[in-house]
Every structure is written in structure tokens, then in C-alpha cells.
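**Student:** Just dropping this structure here.
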Amino acid sequence: MSAGTAKLNVTVAEVKPINDLVTRFKFVRTGGGDLPTFSGGAHTVVEMQDGDITRLNAYSLMSNPADRGAYTISVRRDDQGRGGSKFMHNKVKEGMEMVISNPVNLFSLDLRAKKHLMLAGGIGITPFMAQMHQLSMMGGNFELHYSVRTASLGTYAKELAERYPGKVHIYHDDQKEAIDLKTLLANQPLGTHVYVCGPKGMINWVHSTAGEMGWPREAVHSEEFLAPASGKPFEVKCAVSNKIVQVGEHQSLLEALEAAGIDAPYLCRGGACGQCETNVIGYDGKFLHYDHWLTDEQKAGGKHIMPCVSRFEGKTLVLDR
Amino acid sequence: MSKTEFPPSITSRPVYGELEARSGSGHLMIADAEGAEAILDLAESADKDFWAKAHVIYIPKKTGTKYSSQLEELGAGQYYAGPSYEAAQSRIRRALQDCHMGTQVYLSGTESLMGQAMAEATAAGIPHTAIQTEHRGSTARRMQCVHCKGITEDVTTDPFECSHCGLSLFVRDHYSRRLAAFQGVRVDAEDPGNIPEKVELFK
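So the sequences go chain by chain: A and B.
Residue 217 in the numbering used here sits at position 217 of the first sequence; the count goes up by one each step and never skips.
Residue 157 in the numbering used here sits at position 157 of the second sequence; the count goes up by one each step and never skips.
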């Protein structure tokens, strides 16, 4: 069960392909009425009934947070992925009824900042779109640096440049353009916060460069949703519910617990928020920790696991669920 | 005089650490009196090129010239010694205005100096957790009278008389980061005239 997030029944109002990889979906409340308000950077977890499998994927809300009439998300098709994005692209049609979670924000703006410096890579642009709506309404100071593969795959790049003239900088990989991060970070006025959303390499690059340049940790924000990694199937014993659960090759531990009827907590399902942290009672084998939540010591300690993304290899694993 | 250890207290009471040279695009160092020792200690481990990017603002107070020549010899890009915090304040504000993200702020000396400089630095946009502090020297407190709101500097006794309204005030550990002051509350509020004897708690 998702902590504190009641479900929303919505109807797909629009499905709009944006480019070869990205499609935009618009949801309105089924039966009419306002949706809950949210803040820039929030995401929603979309439930997908894909045959026997229930898929739950988190997507950033990209619409104007002040517009309670509809939510929009953009989904990049990942052909190598586990199937959530392919389901969205192939099966979701206008008029379809779906269930999504209330918005949750794990990537909110720090409104004490005097300036917001946003760094986006690819589909990582979506949370910034809601944040820029929010900041432009508040008269906030922001600047976007957006790295895209090619102009045609630069999702929303053109319209953002038109919407926020002078504040949007686009970098095309195929033209050998790249964000000059060192110069950019060196010239920011005191009180600037930097936000990064994009591939893992980009996030690590920004954190390490900012750290070396003396930026306070509190002024560097990032969001990366991990898709649960596939791996060898394994078995887990749940001590509280007294059940033995098989985790399949392309299934996450959290999904396996849910399929077995165990009410496990979750929020982001991407290794970021910490909600699903589960105590390990005993084990014989090795953990494959993929989350951003546990500290290195906790990961080495063998007492905790984040079932949304992490896996296990070995003989036995006993969890406190 | 070495770094001061304070007894554990309520969470609002600031705690201080030990200065260490960190990487950054610039180094703004603000100290008063014995706070100079913390900078001199840091100098033993700092790289040579550290000082070219450093700006030292020093208020010697009663220590006179005891430390100022040693501090000057460190070769900071900018060195300033002034007679009081108030006199240095406009320089501190200007220095914060001119620096960029990546600048490290180091504060050492009395709680009054560190608290006031901390308020300036956080107002300029540096998260307070990213500002280094080290307490040296006097433990005298900067107090705000919660009744008349007047500030009394260098309080060493509990209770003490508010320098603005004259009430006898009880010295609390309750601290305001915004005011950079501890809170003083009338000690004889419930039994007027019953004022306990002063005890020298701070030196």
C-alpha cells in the first residue's frame, strides 16, 4: 500500500505523440471535478493492468500545478524496459479509465533559493516543466540548461525556448554541444540552488562537480527514478505473514510481495524515497542493493533492503513482512 | 585558549565545530578576539594556494595586536582588521554580495560574532549547515530582552540587568538564529522584587 496516497480515478483525455520516443498523456478526473493541487517536481504512480500483471510506474507531472482540471505526464518508450512504458504507448487510448496515485513530491523546489538553476537530460525535462510554471507565476528566478540527443528528440525544447525567452539553453549531443558545467557553477550568485534530473551519469557528474567546487550539499537536488533491475529469480520467506514468495526474473521484490497479497508500504517505487525500507531477519547469500536510500554502511550491514529496486542472490532470505 | 566545550542543552542552542580547510572558489573568514587561533590552527593544514582566495575579516576586541600580525602574515588575498562587529558589518555584507556559490564561510570566536555573521551569510543564501564555526574565547552572551526587545552584549552573569529597560533577566539557552541572541526573561515576573543573587556563569 502506498503510504498516505489515496487513489484517484481518472480518464485519459488525450494521448499525443510528441516525437519518435515520447508520448504525452492527459488525465482528467473520472466523472468530472478538480484534481488535487500539487507542487512542481511531484510525480504520480500510474497503475497499469497489463493482463495478469499490475504495473505501477512513477511519472513526473509536467502540467501547470495551478491547473486542477487535468494532469499531464510524458512517457519515453523504453524497448529494453520491463514493459510499463510500452504499455502506456501501445495500450493506453483516449477515453480509457485508469487509476493513479495522489501526487507525491520528492523533488520539490527549495523556495529559500534566490535562483533556481535547472539541469535536464532527455526525458528528465518533465518535472522542470511543472516547476517552471510554478516559478514563472511566482516571479521566481530560474534558468534551464537542457541537454538533448538531437533537435527532433528534444522533447518540448522548442516550445520551452519560446515560452521562457532568455531562460532556456538547449544543448544538442549530435552537434557536440555540452553543458559547460564548471563555468556554469562557478558563476552562480550566492543563494543559487541547482537541480538535476536525467540519466544516472549526469546526476553523478553534477553532484561530484558541485561538491568539488564547494557547493553545499543542501543546494544540490536531484531526482532519478530507477526501474527495478531484472535478475535471477529468488525465494523470500516473510516472517510476519508466514508466506514463502517467489520473485521472478523480471519482477521486483516489492511486486512479488504485492502479488502474494502482502501489504507492503511504498511511495516512489524507484529507490529514492525510503518508504519501502524493510528489515531483514536473516539471510544466507548476497544482496544486490540498487537504491539511493540506504547508506553504504547499511548496505553492507545486511539488516535492511529496499524491495522496490533491490534484489537478492543466495539460499535464504527472511524478511520482517 | 583552545576550543570551548559546552554542556549538552536544548536543541535551539547552537553547537560549534572545528574549522577545516575545504575546497571552494573562495574563503570568507570572519573572527573576533581568540577566534584568530582557530584560523591560525587551520593554517597549519591549509594548502599554500588557499590564502590567495581568502578574505579575512578580524575584530581583535580586547586581544589588541596579540594575533593580528600573525593573521596578516598568512597572506590572505584580502585582510581587514576593525574595531567592532558593527564597523565590519558593511564589509561583510559587501563581501557576501560579491562572492559566488562555492565560497566557503568560516566563523570563529565569540557566539555573538558567529551568530551575527551567520545571520548575514544565511540571508545571503548560504544554508546554515554549510557554514563552519568554531568557538574560541569568551563565553559571554549576546542577549535579547523578550520584554523590551533590546539587545545586551557581553552578558556574563545570570540574572543580569537589561541594558535597555533595566529589568532583571534570567539567561536562557533558548536561542534565536534570526536575532543571533539568547533570550532573557524577567526573573521576578511571578514574585516582583524577588531577584536571586547574580552568579557569574560566563567568562
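The beta carbon of each residue, even a glycine, is placed where N, CA and C say it ideally should be.
Every value quoted in this text rests on a predicted model; they were computed, and no experiment measured them.
Along the chain, which unbroken stretches of the alpha helix (DSSP H) at least 4 residues long are found entirely within the region 166-214 of chain A?
**Tutor:** Fully enclosed alpha helix (DSSP H) runs of 4 or longer: 181-186 and 200-212.
**Student:** Starting from B/Q78 and walking both ways along the beta strand (DSSP E), at which residues does that stretch end?
**Tutor:** Q78 to A81 is the span of the beta strand (DSSP E), which, as asked, contains B/Q78.
**Student:** So, helix, strand or coil for A/A120, using DSSP?
**Tutor:** Looking at A/A120 - three-state DSSP - the assignment turns out to be strand.
**Student:** Residues of chain A with a CB under 7 Å from the CB of B/S25: which are they?
**Tutor:** Going along chain A in sequence order, the residues near B/S25 (Cβ under 7 Å) are A186, M213 and G214.
**Student:** Starting from the beta carbon of B/G115, find every residue of chain A whose beta carbon is closer than 8 Å, and list them in chain order.
**Tutor:** None at all; the shortest Cβ gap to chain A is about 19 Å.
**Student:** Within 8 Å, do at least three Cβ pairs link the region 67-86 of chain B to the region 157-177 of chain B?
**Tutor:** No, the region 157-177 of chain B does not touch the region 67-86 of chain B.
**Student:** Look at the Cβ atom of A/G41, then the Cβ atom of A/F107, and state whether they are nearer than 8 Å.
**Tutor:** Yes, they are a contact pair.
**Student:** Measure the Cβ-Cβ separation of A/D284 and A/K315 and say whether it is below 8 Å.
**Tutor:** Yes, these two residues count as a Cβ contact at 8 Å.
**Student:** B/M143 to B/R186, Cα distance in whole Å?
**Tutor:** When rounded, the distance between both Cα atoms is 12 Å.
**Student:** Could you tell me whether any Cβ in chain C is nearer than 8 Å to the Cβ of B/Q104?
**Tutor:** Absent from the structure: chain C. Protein chains present are A and B.
**Student:** Output the distance between the C-alpha atoms of A/H134 and A/D263, rounded to the nearest integer angstrom.
**Tutor:** Looking at the sequence itself, residue 134 of chain A is Gln, so the reference to His does not match. Cα-Cα distance, rounded: 35 Å.
**Student:** Please report the straight-line C-alpha distance between B/L179 and A/A219, rounded to a whole angstrom.
**Tutor:** Approximately 24 Å between the Cα atoms of the pair.
**Student:** In chain order, which alpha helix (DSSP H) runs of at least 4 residues are fully inside the region 210-292 of chain A?
**Tutor:** You should have 253-259.
**Student:** Considering only the alpha carbon of each residue, which of A/A210, A/T37 and A/A70 lies closest to A/R24?
**Tutor:** Of the listed residues, the one whose Cα sits closest to A/R24 is A/A70.
**Student:** Taking the alpha carbon of A/D67 as the reference point, which residue from A/R29, A/V92, A/E94 and A/G81 has its own alpha carbon closest?
**Tutor:** Out of A/R29, A/V92, A/E94 and A/G81, A/R29 has the C-alpha closest to the C-alpha of A/D67.
**Student:** Of all the CB atoms in chain B, is at least one closer than 8 Å to the CB of A/T183?
**Tutor:** Output row for A/T183: interface = no.
**Student:** Starting from B/L96, find everything on chain A with Cβ-Cβ shorter than 9 Å and list it in chain order.
**Tutor:** By Cβ distance, chain A contributes L190.
**Student:** Which residues mark the beginning and the end of the beta strand (DSSP E) in which A/S147 is found?
**Tutor:** Counting along the chain, the beta strand (DSSP E) containing A/S147 begins and ends at F142 to V148.
**Student:** Buried or exposed, going by whether 16 or more other CB atoms sit within 10 Å of the CB of A/Q175?
**Tutor:** Result: exposed.
**Student:** Determine whether the Cβ of B/M101 lies closer than 8 Å to any Cβ atom of chain A.
**Tutor:** Chain A contact via Cβ: present.
**Student:** Determine the closest residue to B/F182 out of B/I195, B/S168, B/D191 and B/T152, with distance taken between C-alpha atoms.
**Tutor:** Ranking the options by Cα distance to B/F182, first place goes to B/T152.
**Student:** So what does DSSP say about B/C53, is it helix, strand or coil?
**Tutor:** Here the sequence assigns Lys to residue 53 of chain B, which means Cys is not the residue at that position. Correct three-state label for B/K53: helix.
**Student:** Show which residues of chain A have a CB atom less than 7 Å away from the CB atom of B/R91.
**Tutor:** The premise fails here: B/R91 is roughly 16 Å from chain A at the closest Cβ pair, so nothing lies under 7 Å.
**Student:** Run through chain A and tell me which residues come within less than 9 Å of B/I126, C-beta to C-beta.
**Tutor:** Under the 9 Å cutoff, chain A gives L190, G191, P216 and A219.
**Student:** In the structure shown, what three-state DSSP assignment does B/R93 receive?
**Tutor:** Looking at B/R93 - three-state DSSP - the assignment turns out to be helix.
**Student:** Once DSSP output is grouped into helix, strand and coil, what is the label at B/H147?
**Tutor:** Coil.
**Student:** Return the residue from the list A/R55, A/N64, A/G124 and A/K115 that minimises the CA-CA distance to A/I100.
**Tutor:** Minimum Cα distance to A/I100 is reached at A/R55.
**Student:** Does any C-beta atom of chain B lie closer than 8 Å to the C-beta of A/K114?
**Tutor:** Yes, A/K114 lies at the interface with chain B (some Cβ there is under 8 Å from its Cβ).
**Student:** For chain A, is any of its Cβ atoms less than 8 Å away from the one on B/A46?
**Tutor:** Cβ-Cβ to chain A under 8 Å: no for B/A46.
**Student:** Which residues, in order along the region 169-188 of chain B, keep a beta-carbon less than 7 Å from a beta-carbon of chain A?
**Tutor:** So the list is empty, because no residue satisfies the distance condition.
**Student:** Leaving aside the five residues before and after A/I125 along the sequence, list all residues of the same chain whose C-beta is less than 7 Å from its C-beta, in chain order.
**Tutor:** The answer, listed in chain order, is Y146, T155 and Y156.
**Student:** What in chain A is Cβ-close to B/R22, meaning under 9 Å?
**Tutor:** Result: G214.
**Student:** Can you find a C-beta in chain A that's less than 8 Å from the C-beta of B/T129?
**Tutor:** It does: the Cβ of B/T129 has a partner Cβ on chain A nearer than 8 Å.
**Student:** What residue range is occupied by the uninterrupted alpha helix (DSSP H) comprising A/D296?
**Tutor:** Unbroken alpha helix (DSSP H) run through A/D296: D296 to G301.
**Student:** When the distance is taken between beta carbons, is A/G248 closer than 8 Å to A/R311?
**Tutor:** Cβ distance not < 8 Å, so A/R311 and A/G248 don't count as in contact.
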